[in-house]
Amino acid sequence: MSIFYLDGDFVDSEKAVLSVNDMAVLRGYGIFDFMRTYNKRPFYLKEHIDRLVNSGQKVGLNLPCTKEALFDIVMETLERNDNEESNVRIVYTGGTSHDSVTPEGKGKLIVMVTPKHDLPSWWYTKGVKIITVDVERYIPEAKSTNYMNAVLTQQEAIKSNAVESVYVDRDGRVLEGTTTNIFLYLDNKWVTPGAGILPGITRSVIIELMNEQQAVELRDISREDIAKAKEIIITASNKEIVPVIQVDDIQIGDGQIGVHSAEIMKKFKEFTTRYGQEGHAERVKTAV
Ligand SMILES: Cc1ncc(COP(=O)(O)O)c(C=O)c1O
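Everything in the sequence shown is counted per my numbering, starting at 297 for the first residue and increasing by one.
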């Protein structure tokens, strides 16, 4: 049984319940953030809290406590759960409202700590297929609880034997996956979209690691770029770095995990293995 924080109390996960009148239930109105631990330490907790606050600012939701207080709540929730490694989800709901559409500052803050589960190992040894879908996220910089697009397009991905759907906007810009950011190895460098996306925390750490070798180019990516890419990876807190060998019907490179992908996967693994250990210098992350 997991212990969750809910609105001032630590409760058994099964007793963590919300009013059905909450705007999160009735309107899908709320914000969240998600991270995992390495060596039992939440990976870039401060940056995830910053992003949560930013999501709130974008959709008109102010957290009921300071960033520092939220940091302490997350650490205490982790301590109350005895997991090898954990997933941590912070949610702030829209709260109840007299007309179910006007926020009244009654949101509920929730911190959910659950055991971390591994994804299929073949994703990382053989590479995966992804598909593109013509979808645009509303306020893409905000991590809102409305993931209707993700839920629907993920089913399309599964039908196509793919593991992720990547959104392409009306201008043909390839933006990000349902829960991942995307990088292409193109013209001898890594390229990733710089705008119109959720600024992934994994993405920003990976950009810093890549920059040690060669500067990552932040720019719009087109469908044509996908066909030209020698390598592609997708990144996320729960997935880390997943190499992509097929997009729709297009084989990427020679259909095997490329050398640059393998190299950044190795570097990221080394970085996370040492995360929070003595002598490990946490990077000063810049928003990219
Ligand atoms: C839309 C979207 N883009 C990108 C990401 C990757 O972000 P992060 O690396 O912070 O997990 C996520 C994570 O869930 C996401 O939902």
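Just so you know, even glycine gets a beta-carbon here, dropped at the ideal spot from N, CA and C.
- Secondary structure note for I327: its beta strand (DSSP E) is the uninterrupted segment G326 to Y334.
- Rounded to the nearest angstrom, the gap between the Cα atoms of N358 and S557 is 39 Å.
- Here the alpha carbon of L415 sits roughly 7 Å from the alpha carbon of K535.
- Per DSSP, T474 lies in no beta strand (DSSP E) segment and is marked neither H nor E.
- Per DSSP, S351 lies in no beta strand (DSSP E); the unbroken alpha helix (DSSP H) holding it starts and ends at L341 to V355.
- At least 8 Å separates the beta-carbon of L505 from that of G490.
- Within the model, the alpha-carbon separation for R323 versus E437 is close to 19 Å.
- Of the candidates T441, S500 and K485, the residue whose Cα lies closest to the Cα of T474 is T441.
- The closest CA to that of E432, considering only E508, W418 and G492, is found on G492.
- At least one heavy atom of ligand 1 is found less than 7 Å from the C-beta of K439.
- Three or more beta-carbon pairs drawn from the region 309-322 and the region 373-393 are found closer than 8 Å, and the two stretches are therefore classed as touching.
- Looking at the DSSP output, G390 bridges to nothing.
- In chain order, the residues positioned with their C-beta nearer than 5 Å to some heavy atom of ligand 1 are E472, T475, N477, L494, G496, I497, T498, A532 and S533.
- The bridge partners DSSP lists for A558 come to none.
- G549 counts as buried, since no fewer than 16 other beta carbons sit within 10 angstroms of its beta carbon.
- In this structure, the beta-carbon distance from L302 to I406 falls below 8 Å.
- In the DSSP assignment, I427 is bridged to S461.
- Annotated as proximal: V459 and K425, with beta-carbon spacing under 8 Å.
- The C-beta distance from V543 to I522 rounds to 5 Å, short enough to fall under 8 Å.
- Secondary structure of I406 (DSSP, three-state): strand.
- Judged by DSSP in its simplified three-state form, S440 adopts strand.
- Around the beta carbon of S518, fewer than 16 other beta carbons lie within 10 angstroms, which makes this residue exposed.
- For D346, the closest alpha carbon among the candidates K439, D545 and P539 is that of K439.
- Secondary structure note for K485: its beta strand (DSSP E) is the uninterrupted segment K485 to T488.
- Straight-line spacing of the CA atoms in E343 and I528 works out to 25 Å.
- Within the same chain, Cβ atoms closer than 6 Å to the Cβ of K563 are found at L505, the five residues on either side in sequence being excluded.
- Buried is the label assigned to I497, since at least 16 other Cβ atoms lie within 10 Å of its Cβ.
- Secondary structure note for E381: it is in no beta strand (DSSP E), with a DSSP letter that is neither H nor E.
- Each of V470, V429 and D467 was checked against the Cα of I454, and the nearest Cα belongs to V429.
- For I529, the enclosing beta strand (DSSP E) stretches over residues E527 to A532.
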